[in-house]
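Below is one structure, written out as structure tokens; comments come after it.
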Amino acid sequence: MKPWLRYSICILLGLAGGTVYAVHQVRSADLGRQVTNGPWSTNTDNGTKDATALSRARVALFGLLALPAKEAMYFQARTDSDGAPLKGNCTYTVQGGEIDARWWSITLYRGEGWLVKNAANRWSVGGNAPVRDAGGNWSFTVSPKKADGVWLPTGRTPQFDLTLRTYHPKGALLNDPAKAKLPSINKETCA
């Protein structure tokens with residue numbers, strides 16, 4: 011084999027290996043200063059000068075607008091409150107109380123940050139949508155089949171994740187997100 015061919019093969023293998031490693035690192039869940047609260051996790055260095063190159067690459071890959079925490083915080087849940095992966099054939103109740111932010115929403119995504127195709131054309135529940143009881147508590151259903159009340163359809167996706175966006179967070183949500191009151195995600199049934 012000619013030397014130039016050997017060198018070319020080595021360079022191509024190195025580029026391929028480096029690309030696979032870089033993609034794996036960026037998709038890793040443990041980038042930056044990760045904080046977990048129940049099923050929810052967030053990266054507290056998004057939008058700051060302290061964000062690492064990997065954190066910035068992850069933001070670019072998944073499309074979050076990385077604002078400083080005082081402007082917006084994004085929490086992601088890939089599991090229910092018991093730690094089981096969120097599955098599209100199951101019915102979940104998402105419930106909580108007052109979220110200490112000016113406004114919030116919860117959006118359902120399938121893998122890679124894409125919205126889930128569904129007949130209802132509904133992908134998110136905003137903070138003003140769920141009806142609150144006298145104590146300020148609210149709930150909505152996430153399921154493949156239409157449910158009474160506020161409903162977020164899973165479509166036909168086998169697995170999904172939920173993203174909680176909070177705008178102008180304050181109090182514990184901003185200062186200690188690991189101890190803030192965030193919604194629970196409870197599995198009811200699976201088909």
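Residue numbers (the numbering used here): 11 to 201. All residues carry an ideal CB built from backbone N, CA and C; glycine is no exception.
Helix or strand or just coil, what does DSSP make of residue i?
{"i": "Trp234", "result": "In the structure as shown, the chain begins at 11 and stops at 201. Residue 234 is therefore absent and cannot be evaluated."}
{"i": "Ile195", "result": "strand"}
{"i": "Ala67", "result": "helix"}
{"i": "Ala82", "result": "strand"}
{"i": "Ala144", "result": "coil"}
{"i": "Leu125", "result": "strand"}
{"i": "Ala201", "result": "coil"}
{"i": "Ala139", "result": "coil"}
{"i": "Ala157", "result": "coil"}
Can the beta-carbon of residue i be found less than 9 Å from the beta-carbon of residue j?
{"i": "Thr223", "j": "Thr117", "result": "No answer is possible for residue 223: it lies beyond the span of the chain, which begins at 11 and ends at 201."}
{"i": "Ala201", "j": "Trp161", "result": "no"}
{"i": "Thr151", "j": "Gly145", "result": "no"}
{"i": "Pro154", "j": "Thr103", "result": "no"}
{"i": "Gln105", "j": "Ser51", "result": "no"}
Could you spell out where the beta strand (DSSP E) holding residue i opens and where it closes?
{"i": "Val45", "result": "Gln44 to Asn47"}
{"i": "Leu162", "result": "Trp161 to Pro163"}
{"i": "Asn131", "result": "Per DSSP, Asn131 belongs to no beta strand (DSSP E) and is neither H nor E."}
{"i": "Ser51", "result": "Trp50 to Asn53"}
{"i": "Glu111", "result": "A small fix is needed here, since residue 111 is Ala in this sequence, not Glu. Its beta strand (DSSP E) spans residues Ala111 to Arg120."}
{"i": "Lys106", "result": "Per the sequence shown, residue 106 should be read as Gly rather than Lys. Run containing Gly106: Cys100 to Gly106, per the beta strand (DSSP E) assignment."}
Within 9 Å of any Cβ in chain D, is that where the Cβ of residue i sits?
{"i": "Leu22", "result": "Going by chain labels, chain D is absent from the structure shown, which holds only one protein chain."}
* Answer yes if the segment 176-187 comes into contact with the segment 88-104, meaning at least three C-beta pairs across the two stretches below 8 Å, and no otherwise. => No, they do not touch.
What ranges does the alpha helix (DSSP H) occupy inside the segment 166-193, keeping only unbroken runs of at least 4 residues that lie completely in it? Runs of alpha helix (DSSP H) with 4 or more residues, each lying fully within the segment 166-193, are found at 181-185, listed in chain order.
#### Entry: Sufficient close CB pairs (3 or more, under 8 Å) joining the segment 163-172 to the segment 94-109
Flag = yes, the segment 163-172 and the segment 94-109 touch.
Checklist entry - Do three or more CB pairs link the segment 192-200 to the segment 132-141 at distances below 8 Å? => result Segments in contact, no.
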